[in-house]
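Everything on this sheet refers to the single structure shown next.
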Amino acid sequence: MKVTEIEELTKSRSRVYIEEEFAFVLYKGELRSFHIREGEEIEQECFETIMGEILPKRAKLRAMNLLKSREYTVKQLHDKLEAGGYPEKIIEEALSYVESFHYTDDLRYAVAFISGHENSRSRRRIEQDLLARGIDRITLEKAWAEWEDQGGSQDERTMIMNLLEKKHFDAKRADQKERQRMYGFLVRKGFSCDEARRAVLAEFCFC
566 MKVTEIEELT KSRSRVYIEE EFAFVLYKGE LRSFHIREGE EIEQECFETI MGEILPKRAK
626 LRAMNLLKSR EYTVKQLHDK LEAGGYPEKI IEEALSYVES FHYTDDLRYA VAFISGHENS
686 RSRRRIEQDL LARGIDRITL EKAWAEWEDQ GGSQDERTMI MNLLEKKHFD AKRADQKERQ
746 RMYGFLVRKG FSCDEARRAV LAEFCFC
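Quick note on the working numbering: the sequence shown kicks off at 566 and runs consecutively.
Printed below as a string of structure tokens:
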């Protein structure tokens, strides 16, 4: 296997390409230790050591360190490791490792996210945010069910009224331009078009 390119990332790290394809990122000291030079062959034993020992250990440690500061979805953690230059095979090994200790759990993440935003974001907005974080539809539905089993509930009309109050919006005195602006704001927040329309036209009734 021939090293076709060594691309410097930082003063200490470089991307290594083998046979014109990206292989891995190594520290410059490791390049010297394994005698990896552009235009030269890399020994099979060295390649196996890097892919079987050096990188898996480093990726697992990186994943663990990331999870110390906050919780990540599996996709978020995958993307972090990918951005760090780890090959897909190494990423999958690291993800399986942390998952085996239950350090990652998309259902747990989704339930906690819903609970943390139940009074500030619409259901639609929460779902959009979780889907963007890599939570799949099945896990999302399970999360809502678990959240409801724990006593969770939303009153989107009250949430809308609180937002309007914060914006100092008076539906009865607002002109057409102000109503349109506030309507767009509520829809972007994830509230239904019907609920947003009723709010800006002062059609809500709290009895």
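Glycine is no exception: its CB is placed at the ideal position from the N, C-alpha and C atoms. Given the structure is predicted, the values throughout are model-derived calculations rather than measurements.
Where residue 772 falls, given that 16 or more other Cβ within 10 Å makes a residue buried: Bear in mind that the predicted position of residue 772 carries a pLDDT of just 32, short of 50, making it too unreliable to give a figure here.
8 Å Cβ shell around residue 704 - same chain, five flanking residues per side excluded: Beyond the five residues adjoining it in sequence on each side, residue 704 comes within less than 8 Å, by CB distance, of 671, 672 and 675 in the same chain, given in chain order.
Would DSSP call residue 549 helix, strand or coil? Because residue 549 is not part of the residues shown, which for the chain are 566 to 772, the question remains open.
Residue 579 lies in the beta strand (DSSP E); which residues open and close that run? 578 to 583
For residue 606, the residue or residues it bridges with in DSSP: 567
Buried or exposed: residue 660, going by 16 or more other Cβ atoms within 10 Å of its Cβ? buried
Work out the CA separation of residue 648 and residue 770 for me, nearest whole Å. Low confidence applies here, because residue 770 scores a pLDDT of 45, under 50, leaving its location unreliable and the question unanswered by this model.
Endpoints, alpha helix (DSSP H) assigned at residue 591: It is not in any alpha helix (DSSP H) - residue 591 instead sits in the beta strand (DSSP E) that spans 586 to 592.
Please go through the segment 675 to 728 and give each complete alpha helix (DSSP H) segment of 4 or more residues, from N-terminal end onward. 688 to 697 and 702 to 714
Rounding to the nearest angstrom, what Cα-Cα distance links residue 714 and residue 727 in this structure? 26 Å
How about residue 680 and residue 721: do their beta carbons lie closer than 7 Å? no
Taking the alpha carbon of residue 678 as the reference point, which residue from 662, 645, 651 and 712 has its own alpha carbon closest? 712
Would you check if the distance between the CB atom of residue 582 and the CB atom of residue 570 is smaller than 7 Å? At a Cβ-Cβ threshold of 7 Å, residue 582 and residue 570 count as neighbours.
So, helix, strand or coil for residue 658, using DSSP? helix
Once the 5 residues before and after residue 585 are set aside, which same chain residues still bring their CB inside 7 Å of it? 569
Backbone secondary structure at residue 595 - three-state DSSP: helix
Distance, residue 613 Cα to residue 750 Cα: 55 Å
How would you write the range of the alpha helix (DSSP H) that residue 749 sits in, first residue to last? 741 to 753
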